[in-house]
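Student: Numbering (full-length UniProt numbering), first residue to last: 1 to 271. Beta carbons are placed, not taken as given, at the ideal position from N, Cα and C, and that holds for glycine.
1) Does the beta carbon of residue 148 fall short of 8 Å from some heavy atom of the ligand COA?
2) CA-CA distance, residue 53 and residue 72?
3) Report yes if the C-beta distance between residue 183 and residue 158 is below 9 Å; otherwise report no.
4) Does the separation of the CB atoms of residue 59 and residue 106 fall below 9 Å?
5) Can you find at least 3 beta carbon pairs, one from the region 112-124 and one from the region 90-97, that sit closer than 8 Å?
6) Might you give, ordered along the chain, the residues of its own chain that have their beta carbon closer than 6 Å to the beta carbon of residue 18, omitting 5 neighbours on each side?
7) Quick one: any contact between the region 74-82 and the region 25-45, if contact means 3 or more CB pairs under 8 Å?
8) When you compare the CB positions of residue 48 and residue 21, do they come within less than 9 Å of one another, or not?
9) Per DSSP, what kind of secondary structure is residue 95 in: helix, strand or coil?
10) Fully enclosed by the region 27-114, which alpha helix (DSSP H) runs are 4 residues long or longer?
11) Helix, strand or coil: how does DSSP classify residue 18 here?
12) Within a Cβ cutoff of 7 Å, which residues of the same chain sit near residue 23, ignoring the five residues on either side of it in sequence?
13) So, residue 244 versus residue 225, is the Cβ gap smaller than 9 Å?
14) From residue 247 to residue 181, what does the alpha carbon distance come to, in whole angstroms?
15) With 16 as the cutoff for other CB atoms within 10 Å, does residue 90 come out buried or exposed?
16) Relative to the C-alpha of residue 28, which candidate in 125, 109 and 231 has its C-alpha closest?
17) For residue 160, count neighbouring Cβ atoms within 10 angstroms of its own Cβ and tell me buried if that reaches 16, exposed if not.
18) Please report the residue range of the alpha helix (DSSP H) in which residue 219 lies.
19) Would you mind working out which of 151, 179 and 57 sits nearest residue 100, comparing C-alpha positions?
20) Checking 9 Å against the spacing of the C-beta atoms, do residue 86 and residue 39 come in under that value?
21) Work out the CA separation of residue 25 and residue 63 for me, nearest whole Å.
22) If we ignore side chains and look at the alpha-carbon of each, how far apart do residue 98 and residue 68 end up?
23) Are the CB atoms of residue 211 and residue 221 within a distance shorter than 9 Å?
24) Using the Cα positions of residue 65 and residue 143, report the straight-line distance between them to the nearest angstrom.
25) Which of the three DSSP states, helix, strand or coil, is assigned to residue 25?
26) Which residues in the same chain have their Cβ closer than 6 Å to the Cβ of residue 129, if we skip the five residues on either side of it in sequence?
27) Quick one: is residue 206 buried, meaning 16 or more other Cβ sit within 10 Å of its Cβ, or exposed?
This is the structure in structure tokens:
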């Protein structure tokens with residue numbers, strides 16, 4: 001009998017009559033959510049029973065079930081590397097459980113197998129390395145974003161940044177021509193001093209024209225072909241006008257007179 005048990009028995013006899021301590025041992029597995037590894041828990045329950053009585057099985061079962069639930073919930077957030085902290089949390093949780101007048105206290109001792117500790121250490125190392133790489137990549141993205149927003153706004157600032165206050169590099173810039181402007185437009189998404197990457201606007205316009213043509217009726221289609229025939233010839237592209245007529249298969253479309261070439265009269269409306 002330990003000192004606490006002896007003292008508790010003495011006080012119980014003085015204030016409550018004849019009571020005797022009774023102990024129950026529980027062996028439980030408490031799983032850590034951090035690494036999905038186990039704490040080996042040994043829980044000692046202390047009871048004070050009236051002299052000459054036995055602990056009812058239903059009471060013992062009910063109290064043990066509630067204590068086990070509290071212990072599992074308390075140990076879940078802890079790593080198996082932090083056994084002492086988990087043990088303290090489990091004992092605090094056991095002390096808050098409302099049980100039965102016969103029940104006095106519960107004390108848990110946690111243990112961890114060496115294999116589980118080694119696994120947790122390896123996982124912690126991997127997690128730290130992953131976090132280090134993530135932070136390094138995030139810092140690099142921040143640096144490149146600042147570079148784009150400040151140094152690479154236009155070709156002139158990009159040249160100054162590239163020079164880095166080294167006059168010897170000035171003549172080397174002549175060899176690059178307008179390559180700086182092209183690079184700036186690619187980096188800035190078309191917000192630089194020059195137009196955006198070639199082909200982007202043309203693709204959008206082509207899609208709109210295709211959508212427009214798909215919804216035209218036969219009459220409107222013939223009228224549009226006639227107008228485009230005049231437009232092509234007005235811009236001195238008669239070969240395109242001939243291809244348009246040949247492709248459409250509409251023999252009613254006649255070439256526009258040569259007097260209309262290049263004077264823009266086709267833009268005024270439908271002839």
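Tutor: According to the data block:
1) This structure does not include the ligand COA; it has no bound ligands of any sort.
2) C-alpha separation (whole angstroms): 31 Å.
3) Yes, these two residues count as a Cβ contact at 9 Å.
4) No, they are not a contact pair.
5) With the cut-off at 8 Å, the region 112-124 and the region 90-97 do not touch.
6) Correct list, in chain order: 51.
7) Flag = yes, the region 74-82 and the region 25-45 touch.
8) The Cβ atoms of residue 48 and residue 21 lie closer than 9 Å to each other.
9) In the three-state DSSP reduction, residue 95 falls in the helix class (H, G or I).
10) Here the runs fully enclosed are 57-75 and 83-95.
11) Coil at residue 18, not helix or strand.
12) Once the five neighbours on either side are set aside, the close Cβ partners of residue 23 are 44, 45 and 46.
13) In this structure, residue 244 places its C-beta atom within 9 Å of the C-beta atom of residue 225.
14) Between the alpha carbons of residue 247 and residue 181 lies a gap of roughly 40 Å.
15) With 16 or more other Cβ atoms from the protein chains shown falling within 10 Å of its own Cβ, residue 90 counts as buried.
16) Per the Cα distances, 109.
17) With fewer than 16 other Cβ atoms from the protein chains shown falling within 10 Å of its own Cβ, residue 160 counts as exposed.
18) In the DSSP annotation of this structure, the continuous segment of the alpha helix (DSSP H) that includes residue 219 starts and ends at 218-234.
19) Minimum Cα distance to residue 100 is reached at 57.
20) Yes, these two residues count as a Cβ contact at 9 Å.
21) Separation of residue 63 and residue 25 (C-alpha to C-alpha, rounded to the nearest whole angstrom) is 12 Å.
22) So the two alpha carbons sit approximately 13 Å from each other.
23) The answer is no: Cβ separation not under 9 Å.
24) The alpha-carbon atoms of residue 65 and residue 143 are separated by roughly 56 Å.
25) Looking at residue 25 - three-state DSSP - the assignment turns out to be strand.
26) Cβ within range, chain order: n/a, list empty.
27) Answer is exposed; the Cβ neighbour count stays below 16.
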